[in-house]
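Quick note on this note's numbering: the sequence shown kicks off at 755 and runs consecutively.
Note that CB positions come from ideal geometry on N, CA and C, so glycine has one too.
See structure below.
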Amino acid sequence: MKQYIPALLFCFFLLPMITVGQDTVKVSLESFIERGIENSGQIEFEQRKVDLANNQINQAQSQRYLPRFELSTQHGIVPGVISQTNLPEDQYYLDPNLENDWENWAVFTRAEVSAVQPIFAWGALKNAVKAAKSAAVSAQKQFEKEKANVRLRLFELYQSYLLTNEILVLLDEAQNQIDKIERQIEEKQEDGDTEFDESELFKFKIFKSEFDIRAAEVREEAETTQRIWNYVLNADENTVYMPDSNFLDPVAGELREIDYYRSYALANRSEIDAIEAGIDAAEYGMKAQKQKNYPSLYIGLNGSYANTPNRPRQSNPFIINNSNYASGSFGFGIRQNLDFLSIKADIEKGRIQYRQAKYLKDAAVDGIVLGINQAYKETSLSKVKVDKTDEAHRTSKKWLRQEQLDYDFGMGDTKDLIDAMKKELELRVQLKREVFNFNNNIAELYRKSGLPILELSNEN
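Okay, structure coming up:
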């Protein structure tokens, strides 16, 4: 025995270390949804769409001010020139026999600057900016829609954890009842009770095996839910996240008349706002395309400078030494796209997109109304199921209590006791599932109505 004492002492001191090393963190529904959104790759992906839309605004605005502003340079090594005449260097262009001096090399440098500034384009640039801004609003509203969808999925995941916790508690309580009945049956069998029926024992063992299978399934589901939670919350190995409540109760959201949800949805759904912004973007884009039929006025600036030490600049303004000169120009210009067939096709495309966006709004409104009708029906029905299942469960508890008393006094039947216990357990589990369905259904109704689901809570 002495050889086991060191090992036992080691385990005794190690146990507190393991217990302290693992943290259990209670998470509220609001915190769970907030952290889930922060860690969501889907949300990050949708956010990049918004960033791209805002970038399109910057690109459209950049076309209004110096859309073309360029600098280019050229560099190289060139030979000098030799003239056999007595001409000054700035008049070498008069020497028809001017030759390259291959023994005299120098660095050639040239820089050119050009800029174009639109002055009047019939509002095309302004409408292009408005179209980009409306498209950015549409992208932002689509982003809010995706966030609402993720919130709903996280809400359902939170409810799933509460459901599995409740069922695990029910299984533990049922296991205690099963063990108690099993002991009573074994006592009857050992005492040689004349009323003992061997078939009762077989039926009980079958029931117990079926119960063990279901219990194993529930525990596996609970482990899966815990793993999903850890993934969503980006938990480390030493942290376990759990809901801040152990009870799954109906959410404290009052079910109102269906007209309330319809009117709220039509006024607040981000999808409708996104489509309306898309309609504006299509309209502004169509106007910008129409204005391409007209000429645009702009001013231009061009400057060029070159320098090569061994190639002198020439004094005649009509003669330019490409390796040593300075020039500049500034003026007004008119630009007109003469490809009228392509412009006409682009305008027609804009009209089609505008009409398509308007029809999309009508279709979206129809879909929202139908979705609310369906969600309202499911929520109303699940509310009835919760109430009626709760009523049936209260009755089953009375039945089980009566059968247990009869069995304890030797007047009951094992089959009736098992049936009562089985029905009471089934109804308890069913009640929790109906509550789970009701909570998810009303959350779905809130989502389809544009209501924030965080207004729902499990506190009555």
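The C-beta of Y846 has 16 or more other C-beta atoms within 10 Å across all chains shown, which makes the residue buried. Note that the C-beta distance between E1180 and S1136 is not below 8 Å.
P1071 counts as exposed, since fewer than 16 other beta carbons sit within 10 angstroms of its beta carbon. For E1157, the number of other beta carbons within 10 angstroms of its own is at least 16, and it is reported as buried.
Ranking Q815, A875, W983, K899 by CA distance to the CA of A1028 puts K899 first. The C-alpha of Y985 is placed about 10 Å away from the C-alpha of T979. The distance from the Cβ of F823 to that of A869 is about 5 Å, consistent with a contact at the 8 Å cut-off. Contact between the stretch 983-1003 and the stretch 1160-1170 is not established, with fewer than three Cβ pairs separated by less than 8 Å. Nearest in C-alpha terms to Q838, of all of D849, I831, V832, Q828, is D849.
Taking the Cβ atoms as the reference, V904 lies roughly 6 Å from S794, within the contact range of under 8 Å.
Secondary structure note for I1101: its alpha helix (DSSP H) is the uninterrupted segment 1094-1162. The beta-carbon separation of L1208 and I787, rounded to 7 Å, stays under the 8 Å limit for a contact.
Taking C-beta separations shorter than 7 Å and ignoring five residues to either side along the sequence, the partners of V1005 in its chain run N1193, I1196, L1210, S1211, N1212, following chain order. At a Cβ-Cβ threshold of 8 Å, N1078 and N1061 count as neighbours.
DSSP places N851 outside both helix and strand once states are collapsed to three, so it counts as coil. Taking C-beta atoms as the reference points, P1063 and A860 count as a pair closer than 8 Å. Take the alpha-carbon of A865 and the one of L1055: they are about 14 Å apart.
Taking a 10 Å sphere around the C-beta of E941, we find fewer than 16 other C-beta atoms and assign the residue as exposed. Taken in chain order, the complete beta strand (DSSP E) segments of 3 or more residues contained in the stretch 1042-1096 are 1050-1061, 1079-1089. Taking 3 residues as the minimum length, the beta strand (DSSP E) runs contained wholly in the stretch 970-1043 are 993-997, in order along the chain. Between the stretch 1037-1049 and the stretch 850-858, the count of Cβ pairs shorter than 8 Å is below three; the stretches do not touch. Pairing P1066 with F1084, the inter-Cα distance amounts to about 26 Å.
Linking F965 to L955 through their CA atoms gives a straight-line distance of about 15 Å. With fewer than 16 other CB atoms across the displayed protein chains lying within 10 angstroms of its CB, Y1014 is exposed. Annotation for D855: P833, G834, V835, I836, N1064 place their beta carbon closer than 8 Å to its own, counting only its chain and skipping 5 residues before and after.
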